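Accompanying notes for the structure given below.
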Amino acid sequence: MDRAVIVIGAGGHARVLLDALRQMDGMRVLGLTDADANRLGETVSGLPILGDDPWLLQAHAPDTVALVNGLGSVRDTRLRREVFELFKARDFRFERVVHRSAVMAEDVRLGEGVQVMAGAVVQAGAALGDNALINSGAVVDHDCRIGDHAHIGPGATLSGNVIVGAGAHVGTGACVIQGLRIGKDALVGAGAVVVRDVPDGAVVMGVPARRRDL
Ligand code: JB2
């Protein structure tokens with residue numbers, strides 16, 4: 018029997034997820050939630066915005082529906098994390114979404130609610146933490162460990178054995194050479210080339226990547 022699913026958030030990332038979900042077997046998407054009350058009743062890719070998150074908490078028991086975290090992030094992964102933790106604290110379960118065009122080695126370890134979007138490649142021995150997002154066309158090479166809630170942006174490349182801390186964001190098209198550690202909640206700017214470890218909470222940009230204050 019198909020599993021009933023609701024997507025949290027109704028913006029750009031949610032639309033990308035809906036496309037992936039349509040191509041996956043066994044998922045029946047009921048609709049979406051959004052924080053903007055004015056959007057109630059709107060449709061997104063043909064599916065209705067059903068209410069906001071408080072509505073969902075009231076209207077559905079955790080064993081009646083699974084969730085997909087439709088909130089993406091550009092440089093700050095906090096909202097995505099908060100939504101995941103809010104619903105986990107109420108015993109809801111987050112589905113994994115893996116686009117059918119993603120390439121994933123057999124032994125990759127996947128946390129709850131992991132999302133791997135179109136054209137991404139995840140190689141042998143990699144581990145993706147809870148609520149991690151590997152965006153379109155990103156490459157996560159062998160034995161990388163991606164922390165909970167981290168976002169690897171479109172087209173970013175992590176060479177082998179890279180550790181990405183919880184909540185970190187690796188921007189679009191950035192490259193991280195092998196064996197490095199990107200700290201918790203760090204931000205790697207788009208197109209950066211990272212050749213040394215990045216401390217927790219640091220912001221790095223450029224080629225080669227250097228620390229910046231934002
Ligand atoms: O707490 C919330 C909440 N906060 C904002 N709960 C729910 N259910 N919805 C929330 N929202 C809603 O999420 C906003 O009202 C808005 O409709 C939507 C966010 O849409 P947006 O397109 O601005 O961002 P996104 O998170 O879908 O996508 C971002 O991250 C992706 C990875 C964008 O920057 C994309 O360009 C990017 N590819």
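Be aware that the sequence shown starts at 18, since it is given in this note's numbering, and climbs by one per residue. For each residue, glycine too, the CB sits at the ideal point set by N, CA and C. Values in this document were obtained by computation on a predicted structure and should not be read as measured data.
{"Query": "Counting beta carbon pairs with one atom in the segment 162-169 and one in the segment 178-187, are three or more of them shorter than 8 Å?", "Result": "yes"}
{"Query": "Using only the heavy atoms of the ligand JB2, determine whether one of them is closer than 6 Å to the beta carbon of THR94.", "Result": "no"}
{"Query": "Please state whether the Cβ-Cβ distance between VAL221 and VAL205 is less than 7 Å.", "Result": "yes"}
{"Query": "Could you give the uninterrupted runs of the beta strand (DSSP E) lying entirely in the segment 185-231, keeping only those of 3 residues or more?", "Result": "220-222, 227-229"}
{"Query": "For the pair the segment 19-35 and the segment 83-101, tell me if three or more CB-CB distances fall below 8 Å.", "Result": "yes"}
{"Query": "From what residue to what residue does the alpha helix (DSSP H) around LEU38 run?", "Result": "29-39"}
{"Query": "Note the first and the last residue of the continuous alpha helix (DSSP H) segment covering ALA106.", "Result": "95-106"}
{"Query": "So does ALA54 have its beta carbon nearer than 6 Å to some heavy atom of the ligand JB2?", "Result": "no"}
{"Query": "Spell out a yes or no on whether the segment 55-72 and the segment 113-124 are touching, meaning 3 or more CB-CB pairs, one atom from each, closer than 8 Å.", "Result": "no"}
{"Query": "Count the other C-beta atoms from every protein chain shown that fall within 10 angstroms of the C-beta of MET18, then say buried if there are 16 or more, exposed otherwise.", "Result": "exposed"}
{"Query": "Who are VAL276's beta bridge partners in DSSP?", "Result": "Lying before the first or after the last residue shown, residue 276 is absent from the chain, which here runs from 18 to 231."}
{"Query": "What does DSSP give as the partner residues of ARG162 in its beta bridges?", "Result": "ALA144, ILE180"}
{"Query": "With a Cβ-Cβ cutoff of 7 Å, do ALA219 and ALA203 count as a contact?", "Result": "yes"}
{"Query": "For a quick check, are the C-beta atoms of ARG113 and VAL131 less than 7 Å apart?", "Result": "yes"}
{"Query": "What would DSSP say about ARG56, mapped onto helix, strand or coil?", "Result": "helix"}
{"Query": "So, is GLY58 buried or exposed, given that buried needs 16 or more other C-beta atoms within 10 angstroms?", "Result": "exposed"}
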